[in-house]
Ligand SMILES: Nc1nc2c(c(=O)[nH]1)N(C=O)[C@@H](CNc1ccc(C(=O)N[C@@H](CCC(=O)O)C(=O)O)cc1)CN2
Ligand SMILES: Nc1ncnc2c1ncn2[C@@H]1O[C@H](COP(=O)(O)OP(=O)(O)OP(=O)(O)O)[C@@H](O)[C@H]1O
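Numbering (my numbering), first residue to last: 35 to 232.
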């Protein structure tokens, strides 16, 4: 049963329809649109000015930002990737090159066991995957609450969502733990948001 008065029920229904929309973009088109997202990210001060940038390895139909890792290193910066840890909702971040990523417990590629961990406080900017994003800067993830819990402990890090245009919606149900973004980048535009606090 889905009750429209309950945000978590509405989120579940939205996840289903938007994962479908994203999956309908074919591979070549996804690669081309991902390149346009990367070009916009490189032009964004929050990303360009980050010495330590958190990326992710794409899963399913997510935007592929992996090429950014080499560009960050070429510019003297560090690229870190999230890691799921048993018994902790907060993600850890570890230094890794894309070729060394290994399959993690939830199906996403992650840094291997021996990859050096980087303190969350050292991350300047987090590039966030998502199932959907709203035009007022909210993010809908896969439903694990991992990024929300992680970002709550990283007040200093800039939060930059990335998505294809088909993943944007006017508004999303908001729960108290939901993190607000500083910017959202798609293949067609870059949006900036004001954070109310912290
Ligand atoms: N690319 C990516 N990495 C990420 C996340 C994410 O959303 N996307 N996460 C954000 O929190 C964290 C991992 N959380 C995850 C939560 C759920 C599933 C998931 O639904 N897995 C599918 C299998 C997907 C597949 O193999 O295609 C499943 O279990 O059915 C994956 C990762 C950290 N890394
Ligand atoms: N900081 C937190 N502390 C405790 N529980 C949380 C926290 N953040 C989220 N949750 C719980 O996690 C579950 C999923 O939250 P939500 O639907 O917002 O995840 P999401 O943002 O879609 O997932 P993800 O960040 O993993 O991509 C909810 O049941 C929520 O109550």
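We treat Cβ as the ideally placed atom computed from N, Cα and C, and that holds for glycine.
Proximity of residue i and residue j at Cβ, strictly below 8 Å
i, j, result
"residue 193", "residue 212", "no"
"residue 164", "residue 195", "yes"
"residue 128", "residue 113", "no"
"residue 99", "residue 136", "no"
"residue 48", "residue 166", "yes"
"residue 229", "residue 180", "no"
"residue 150", "residue 134", "no"
Residue i in three-state terms, based on DSSP
i, result
"residue 232", "Note that residue 232 scores a pLDDT of 47, beneath 50, so its modelled location is shaky; the value from the coordinates is reported in the next line. Looking at residue 232 - three-state DSSP - the assignment turns out to be coil, as it is neither helix nor strand."
"residue 226", "strand"
"residue 87", "strand"
"residue 43", "helix"
For residue i, the nearest candidate out of the options (CA to CA)
i, options, result
"residue 61", "92, 46, 49, 85", "92"
"residue 224", "38, 86, 73", "73"
"residue 28", "110, 143, 131", "This structure cannot settle anything about residue 28, because the visible part of the chain is limited to 35 through 232."
"residue 227", "220, 221, 214", "214"
Beta-bridge pairing of residue i - partner residues as DSSP gives them
i, result
"residue 168", "203"
"residue 74", "Per DSSP, none; premise fails for residue 74."
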